[in-house]
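*Asks:* Protein chains in written order, with the numbering used here: chain A, 1 to 299; chain B, 1001 to 1299.
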């Protein structure tokens, strides 16, 4: 069986990130019939180990062609899939697949470059353009995609026109795991008064590396409760992030797409900034996008 | 020999921080006659281990009274020395020594609290107020004290009136040691074009958590050289820090006090912001301050 053949009988879609992977079996009618998620992100795969890691996926979901998206296409992944530049549509992703084998295709990431400002994404583009193609977001929308590296993506007429990355999730994890604030950040983050207070500081104030230290000083001098520190700090970082994101050109709709536990925090922060955001499940958007890309194979 | 006796024959001054300690033997004429520095910061001393750690200092420098400053007076140190509130003078520190033993005194830190904004320092106050008392800084000066947690301190008529902490050094170390930027930040930081470009971004732009990600994207898309990333990132963080610091009320003089390898970076960034700063050695300022505090003991 040659390259680009046999996809009409169904395929396996994989969202393969740095630390996790999610695999879905899609049948010939486009229905998701089986799936699994595990912690075998690309950093856990040894050099030369991808054929085995792929065989393991087929062992669990069946001997089907594979369509892979995310960091698996990075220079640390299986085979590097060069970035497609903005403006990018779902068809551009489909046209620039990189074939790691006869029946294994990798979706490229997207790059942005303008007046010396560079940015890159790898994985979110399938969700963003999948939702645009499926019509679950407005063709002209500002989409916030929280995660380790939050992306603010501007869609225009269904194309990904520009985007900007904010390192919010990674900064929070660094502070929690390795900083002098770590002792204070073990608690659960929720949308409470402390979170909203942090959001307001981040929205109004550009002094993030100073405001972060107040988390410690306020507890030491009994100005705030230690159990509020995690929510305040999360709010401070997300408020800063939302200030940066909403400075983009106005769009018809603001959408937050991703894992529900993160989209709810961002939607609350956007509400504090006097805008309203629609929350969308990233998994459904990924499936919408990856199925469209698969439809183009073999045609 | 009772408490507060025997200091006229000389004493040992210790600047005892989180990860390092520096000890100086000061003779009866106020001259430094011996010293050492080692990595036995307070985090390396077990609970109950301070008497032994102090005995070791005396074993190296002689059986003299000890005057201890820095994190040794924190809740993780030997005995907690409550903060003295702003405005604080060198005499206020001397009057609020906490005695850990008959011949061992601990200098308190300083706190600031106003309209819900809290801040704390522990260690820098001896240098700041020592330099003010010795006349090596103008009585009305804005003093920048770089380190893990940079302090912007406003002196008025020789008193520490207000200060603000910026977590610049710790953020740089977190990014270098634990973040996705770590691969790029191994190089040496110097005052070159990349550093100045980073400073300008930090001075003009409030989008730090987004600008940080451009360090990675710019290298991936060949917009900048990997070997410039450490200097650019240091400049971005220090430029942000200087923007925050220079927003304080104008002072007659801007001073950068501390370790020369750090003061030179901050002085260069302040120059980029169209101000000129005087660089001062933190060690000399510490000795000036600690000797003044010792003079008040037993009087």
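By construction, the Cβ of each residue, glycine as well, lies at the ideal position given by its N, Cα and C atoms.
So, at 6 Å on beta carbons, what are the nonlocal neighbours of residue 1145 of chain B in its own chain, with the 5 sequence-adjacent residues on each side left out?
*Replies:* 1124, 1151, 1257, 1258, listed in sequence order.
*Asks:* I'd like to know whether the C-beta of residue 305 of chain A is nearer than 7 Å to at least one C-beta of chain B.
*Replies:* Residue 305 of chain A is absent from the structure shown; chain A starts at 1 and stops at 299.
*Asks:* Please decide whether residue 1019 of chain B counts as near chain A, where near means a Cβ-Cβ distance under 7 Å.
*Replies:* By this cut-off, residue 1019 of chain B is not an interface position.
*Asks:* How about residue 168 of chain A and residue 228 of chain A: do their beta carbons lie closer than 7 Å?
*Replies:* Contact flag unset, no.
*Asks:* Tell me which residue opens and which closes the beta strand (DSSP E) that residue 25 of chain A is part of.
*Replies:* Segment 21-26, the beta strand (DSSP E) holding residue 25 of chain A.
*Asks:* Scan the region 1077-1138 of chain B and note each continuous alpha helix (DSSP H) run of 4 residues or more that stays entirely inside, going in chain order.
*Replies:* Here the runs fully enclosed are 1090-1095, 1124-1134.
*Asks:* Start and end of the beta strand (DSSP E) containing residue 47 of chain A?
*Replies:* Per DSSP, residue 47 of chain A belongs to no beta strand (DSSP E) and is neither H nor E.
*Asks:* Strictly by DSSP, which residues pair up with residue 183 of chain A?
*Replies:* In DSSP, residue 183 of chain A forms no bridge with anything.
*Asks:* For the 8 Å Cβ check, are there 3 or more pairs between the region 69-82 of chain A and the region 263-283 of chain A?
*Replies:* No, because fewer than three Cβ pairs between the region 69-82 of chain A and the region 263-283 of chain A fall closer than 8 Å, the two stretches do not touch.
*Asks:* Pick out the complete alpha helix (DSSP H) segments inside the region 1148-1218 of chain B, 4 residues or longer, and give them in chain order.
*Replies:* Counting only runs of 4 or more, we get 1168-1178, 1193-1204.
*Asks:* By the criterion of Cβ-Cβ separation under 7 Å, what are the contact partners of residue 1167 of chain B in chain A?
*Replies:* Chain A residues near residue 1167 of chain B: 209, 212, 213.
*Asks:* Measuring only between beta-carbons, confirm whether residue 145 of chain A sits less than 7 Å from chain B.
*Replies:* Taking Cβ atoms only, chain B never reaches closer than 7 Å to residue 145 of chain A, which makes this a no.
*Asks:* What residue does the alpha helix (DSSP H) around residue 1243 of chain B start on, and which one ends it?
*Replies:* Taken as a continuous stretch (DSSP letters only), the alpha helix (DSSP H) holding residue 1243 of chain B covers 1229-1246.
*Asks:* Any Cβ of chain A within less than 7 Å of the Cβ of residue 1282 of chain B?
*Replies:* No, residue 1282 of chain B lies away from the interface with chain A (no Cβ there is under 7 Å from its Cβ).
*Asks:* Below 7 Å between beta carbons is the criterion; list the residues of the region 166-188 of chain A that meet it against any residue of chain B, in chain order.
*Replies:* For the region 166-188 of chain A, which is checked against every Cβ of chain B, the residues closer than 7 Å are 166, 167, 168, 170, 171, 174, 178, 179, 180.
*Asks:* Taking C-alpha atoms, which residue in B:1166, B:1252, B:1087, B:1098 lies nearest to residue 1129 of chain B?
*Replies:* Per the Cα distances, B:1087.
*Asks:* List the residues of chain B that residue 192 of chain A touches, going by C-beta distances under 8 Å, in chain order.
*Replies:* None at all; the shortest Cβ gap to chain B is about 18 Å.
*Asks:* Compute the distance between the beta-carbons of residue 1142 of chain B and residue 1251 of chain B, then report whether it is under 7 Å.
*Replies:* In this structure, residue 1251 of chain B lies closer than 7 Å to residue 1142 of chain B by Cβ.
*Asks:* What does DSSP give as the partner residue(s) for residue 1070 of chain B in the beta ladder?
*Replies:* DSSP output for residue 1070 of chain B lists B:1016 as bridge partner(s).
*Asks:* I need the DSSP call for residue 52 of chain A, collapsed to helix, strand or coil.
*Replies:* Helix.
*Asks:* Residue 198 of chain A and residue 235 of chain A look like a contact to me (Cβ under 8 Å); what is the Cβ gap, rounded to whole Å?
*Replies:* The Cβ separation is near 3 Å, so the contact holds.
*Asks:* Taking 8 Å as the threshold, find out whether the region 1036-1046 of chain B comes into contact with the region 1098-1115 of chain B through three or more Cβ pairs.
*Replies:* Output reads no: the region 1098-1115 of chain B does not touch the region 1036-1046 of chain B.
*Asks:* Cβ of residue 1016 of chain B less than 7 Å from any chain A Cβ?
*Replies:* Chain A contact via Cβ: absent.
*Asks:* So residue 96 of chain A and residue 84 of chain A are in contact, right, with Cβ under 8 Å, and what is the actual spacing, rounded?
*Replies:* Between residue 84 of chain A and residue 96 of chain A the Cβ distance is about 5 Å, and since that is below 8 Å, they are a contact.
*Asks:* Can you confirm whether the region 1179-1195 of chain B touches the region 215-231 of chain A when touching is taken to mean that 3 or more C-beta pairs between the two stretches lie within less than 8 Å?
*Replies:* At 8 Å Cβ cutoff, the stretches do not touch.
*Asks:* Under DSSP, the alpha helix (DSSP H) around residue 295 of chain A begins and ends at which residues?
*Replies:* 282-295 is the extent of the alpha helix (DSSP H) around residue 295 of chain A.
*Asks:* So the alpha helix (DSSP H) residue 1268 of chain B belongs to, where does it begin and stop?
*Replies:* Element bounds for residue 1268 of chain B: 1260-1272.
*Asks:* What do you reckon, are the CB atoms on residue 1094 of chain B and residue 1015 of chain B nearer than 7 Å?
*Replies:* Result no, Cβ atoms of residue 1094 of chain B and residue 1015 of chain B do not sit closer than 7 Å.
*Asks:* Do you know whose CA, among A:122, A:5, A:288, lies nearest residue 74 of chain A's CA?
*Replies:* The residue with the shortest Cα to Cα distance from residue 74 of chain A is A:122.
*Asks:* Just checking: is the beta-carbon of residue 269 of chain A within a distance shorter than 7 Å of some beta-carbon in chain B?
*Replies:* Chain B, which has no Cβ nearer than 7 Å to the Cβ of residue 269 of chain A, makes this no.
*Asks:* Taking all protein chains shown into account, do 16 or more other C-beta atoms lie within 10 angstroms of the C-beta of residue 1019 of chain B, making it buried, or fewer, making it exposed?
*Replies:* It is exposed - the Cβ of residue 1019 of chain B has fewer than 16 other Cβ atoms within 10 Å.
*Asks:* Just to confirm before moving on: does the CB-CB distance between residue 30 of chain A and residue 291 of chain A stay below 7 Å?
*Replies:* Yes, Cβ-Cβ distance for residue 30 of chain A and residue 291 of chain A is below 7 Å.
*Asks:* For residue 32 of chain A, report the span of its beta strand (DSSP E) as first-last.
*Replies:* Segment 32-38, the beta strand (DSSP E) holding residue 32 of chain A.
*Asks:* Report buried or exposed for residue 1021 of chain B, applying the criterion of at least 16 other Cβ atoms within 10 angstroms of its Cβ.
*Replies:* When all chains shown are included, residue 1021 of chain B counts as buried.
*Asks:* Closest to residue 116 of chain A by CA distance: which of B:1217, B:1067, B:1148 is it?
*Replies:* Out of B:1217, B:1067, B:1148, B:1217 has the C-alpha closest to the C-alpha of residue 116 of chain A.
*Asks:* Looking only at C-alpha atoms, which of A:126, A:55, A:203, A:207 sits nearest to residue 281 of chain A?
*Replies:* Comparing Cα positions, the closest option is A:126.
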